[in-house]
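Quick notes on the structure that follows.
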Amino acid sequence: MNLLLTIIVQSYLYVLLTFFQFPNYTKHWNGGDRPGHTFASFEDFNGKQDFKVQRNAKGDFSLVYSAELKKGKLSIEIKKGSATIVQRDVNGSVADSIKLDNSKGEKYHVTFRAKHAEGKFDVKYN
Numbered sequence: 457m458n459l460l461l462t463i464i465v466q467s468y469l470y471v472l473l474t475f476f477q478f479p480n481y482t483k484h485w486n487g488g489d490r491p492g493h494t495f496a497s498f499e500d501f502n503g504k505q506d507f508k509v510q511r512n513a514k515g516d517f518s519l520v521y522s523a524e525l526k527k528g529k530l531s532i533e534i535k536k537g538s539a540t541i542v543q544r545d546v547n548g549s550v551a552d553s554i555k556l557d558n559s560k561g562e563k564y565h566v567t568f569r570a571k572h573a574e575g576k577f578d579v580k581y582n
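Taking my numbering, the leading residue of the sequence shown gets 457, the next gets one more, and so forth.
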């Protein structure tokens, strides 16, 4: 009886740990993150992907982004520190550019959040 109870408890714990350990997963992720360019295509993207804008120079710069969503949910967020500059849901295709002030050398982040998303995104900055 104790052996059976132990097996049941271990199985239950394994299922719980597996479920909560892997909320972020993506099938067929193909992309890259390098200074000036971040891009990816994906199937069944779940969770979030955060990218630092890797720019050393101070001063204004342009950030150009595009995304295409075939299915699921996808959103993009651009932040400077804790301040949100852009936050939008992607429906179909989006393409836009924004001029950003970096006179103080602050940190910018681009975050994509997804739920069962299939599509691609591309972010470029100079």
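From the three backbone atoms N, C-alpha and C, an ideal C-beta is built for every residue, glycine too. What you are looking at is a predicted structure, and each value in this text was computed from that prediction instead of being measured.
Exercise. Hey, Phe498 and Thr482: beta-carbon distance below 7 Å or not?
Worked result: On the sequence shown, position 42 is the one that residue 498 refers to. On the sequence shown, position 26 is the one that residue 482 refers to. By the CB criterion at 7 Å, Phe498 and Thr482 fall inside the cutoff.
Exercise. So Gly515 packs on Ser559, CB below 8 Å; how close in whole Å?
Worked result: Here residue 515 refers to the residue found at position 59 of the sequence shown. Here residue 559 refers to the residue found at position 103 of the sequence shown. About 6 Å; that satisfies the 8 Å criterion.
Problem set entry | Identified DSSP bridge partners for Ser549 | Taking the first residue of the sequence shown as 1, we reach residue 549 at position 93. In DSSP, Ser549 forms a bridge with Glu524.
For this session: Identify, in the order they occur along the chain, each residue of the same chain with its Cβ nearer than 8 Å to the Cβ of Gln477, setting aside the five sequence neighbours on each side.
Result: Sequence index remark: in the sequence shown, residue 477 carries index 21 (1-based). With a pLDDT of 45 at Gln477, under the threshold of 50, the predicted position of this residue should be treated as unreliable, though the coordinate-derived value follows. The same chain holds no residue with a CB closer than 8 Å to that of Gln477 once the five nearest residues on each side in sequence are set aside.
Exercise. So, are the CB atoms of Phe501 and Ala573 less than 7 Å apart?
Worked result: Counting from 1 along the sequence shown, the entry for residue 501 is found at position 45. Counting from 1 along the sequence shown, the entry for residue 573 is found at position 117. Yes; because the gap between Cβ atoms is below 7 Å, this pair is in contact.
For this session: Take Val579 as the anchor and find which of Asn512, Gly503, Lys571, Ser518 has the nearest alpha-carbon.
Result: Along the sequence shown, read from residue 1 onward, the residue named residue 579 stands at position 123. Residue nearest to Val579 within the set Asn512, Gly503, Lys571, Ser518 is Ser518 (criterion: CA-CA distance).
Exercise. In its own chain, which residues sit with a C-beta less than 8 Å from the C-beta of Asp557, not counting the 5 before and 5 after it?
Worked result: Here the question's residue 557 lines up with position 101 in the sequence shown. Correct list, in chain order: Asp516.
Exercise. For the putative contact between Ala570 and Leu530, defined by C-beta atoms under 8 Å, what is the C-beta separation to the nearest angstrom?
Worked result: Numbered from 1 along the sequence shown, position 114 holds the residue referred to as residue 570. Numbered from 1 along the sequence shown, position 74 holds the residue referred to as residue 530. Yes, they are in contact, since the Cβ atoms of Ala570 and Leu530 sit about 5 Å apart, within 8 Å.
Problem set entry | Beta-bridge partners of Arg569, as assigned by DSSP | If you number the sequence shown from 1, residue 569 lands on position 113. Looking at the DSSP assignment, Arg569 forms a beta bridge with Lys504, Ser531.
Exercise. Shortest alpha-carbon distance to Leu525 belongs to which of Asn582, Asn458, Gly575?
Worked result: For the purposes of this step, residue 525 is identified with residue 69 of the sequence shown, where counting begins at 1. Checking every option, the nearest Cα to that of Leu525 belongs to Gly575.
Problem set entry | For Asn512, three-class secondary structure by DSSP | Residue mapping note: residue 512 aligns to position 56 of the sequence shown, counting from 1. In this structure, Asn512 counts as coil in the three-state DSSP scheme.
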